[in-house]
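Residue 15 in full-length UniProt numbering sits at position 15 of the sequence shown; the count goes up by one each step and never skips.
Glycine residues also receive a C-beta, built at the ideal position from the N, C-alpha and C atoms.
This one's a predicted model, so the numbers in the text were calculated from it and none came from an experiment.
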Amino acid sequence: MPEPEEWIAANGPRLVSDDPDDTAIPDTVLDDPGLSLAAKGLYALVILRQGQPFNPYEDAFEDVGTIRAAVEELVSAGLVSRVPKA
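This is how it looks when you write it as structure tokens:
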């Protein structure tokens, strides 16, 4: 069965650094009681991509339902958007 595919990218401006290893995940996201741990972890991966869209299903250990729910949480919270394939 083919792997699911859905491309997402972070919304809005965020802190950036010249050092690609230096990423800033906002405390407002990490402390949000309305976001699951899976959604917070997925958002951290989104931020690590520094604005580049990616498919969260690619090489994922978690099941499709968990990833889909995390994507929905982040889209509903306005933190990420679905985008065309990179």
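Original post:
In whole angstroms, what separates the C-alpha of residue 29 from that of residue 42?
Top reply: 11 Å
**OP:** Please report the residue range of the beta strand (DSSP E) in which residue 76 lies.
**Re:** Residue 76 -> not in any beta strand (DSSP E); alpha helix (DSSP H) instead, spanning 64 to 76.
Subject >> Where residue 83 falls: helix, strand or coil (DSSP) >> reply: coil
**OP:** Look at the alpha carbon of residue 32 and the alpha carbon of residue 52, and state the distance between them as a whole number of angstroms.
**Re:** 24 Å
**OP:** Please report the residue range of the beta strand (DSSP E) in which residue 25 lies.
**Re:** Per DSSP, residue 25 belongs to no beta strand (DSSP E) and is neither H nor E.
Subject >> Residue from 47, 50, 48 and 68 with nearest C-alpha to residue 57 >> reply: 68
Original post:
Pick from 38, 65 and 44: whose alpha carbon is nearest that of residue 5?
Top reply: 65
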